[in-house]
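Take a look at the structure below.
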Amino acid sequence: MHPHLHTKDNGACEEVMKALDDCHARGFLWRSIGGCNGEKTQVNKCLRAQRLKRTETNREKAKIERAKIKKLFADIDANS
C-alpha cells in the first residue's frame, strides 16, 4: 500500500489494506487477471467512509469557529 494510506486517520481500514497487500503478494499475474479487485473495492469503500467521517467532523468544527467569529464581530459592531 502507499505509505500515505497508513495513517492514524485510516486505522479502521487496516484489516482490508492488509488483505489487499496479501493479495498483491500473490504476484503480478494474480493481480492482472483481477484476483484482487474485491479487496481493492473494499479498501476504496473503507477509505471513502473514513474520508466522509473526517469531512463531517471538519464541517462541524468550522461551523463552531464561524459562530465564534460572527459573535466577535457582532460584539465589535455593538461596542463601536
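Using the working numbering, the first residue of the sequence shown is number -15, and each one after it goes up by one. Cβ atoms here follow ideal geometry from the backbone N, Cα and C, with glycine treated the same way. Quantities reported herein were computed from a predicted structural model and do not represent experimental measurements.
Between which two residues does the alpha helix (DSSP H) holding residue i run?
i, result
"C7", "E(-2) to H8"
"D59", "N21 to N63"
Would you say residue i and residue j are within 8 Å of each other, going by their C-beta atoms?
i, j, result
"Q26", "N(-6)", "no"
"E23", "A3", "yes"
Can you round the beta-carbon distance between residue i and residue j to whole angstroms, since I take them to be within the 8 Å contact cut?
i, j, result
"G19", "R32", "Not confirmed; about 22 Å, so no contact."
Give me, in chain order, the residues of the same chain whose beta-carbon lies closer than 6 Å to that of residue i; leave out the 5 immediate sequence neighbours on both sides.
i, result
"V0", "Q26, V27 and C30"
"K37", "none"
Looking only at its own chain, which residues have a Cβ that is under 8 Å from the Cβ of residue i, when we skip the five neighbours before and after it?
i, result
"R15", "C7 and H8"
By Cβ distance below 7 Å, which residues in the same chain neighbour residue i in space, the five residues on each side in sequence not counted?
i, result
"T41", "none"
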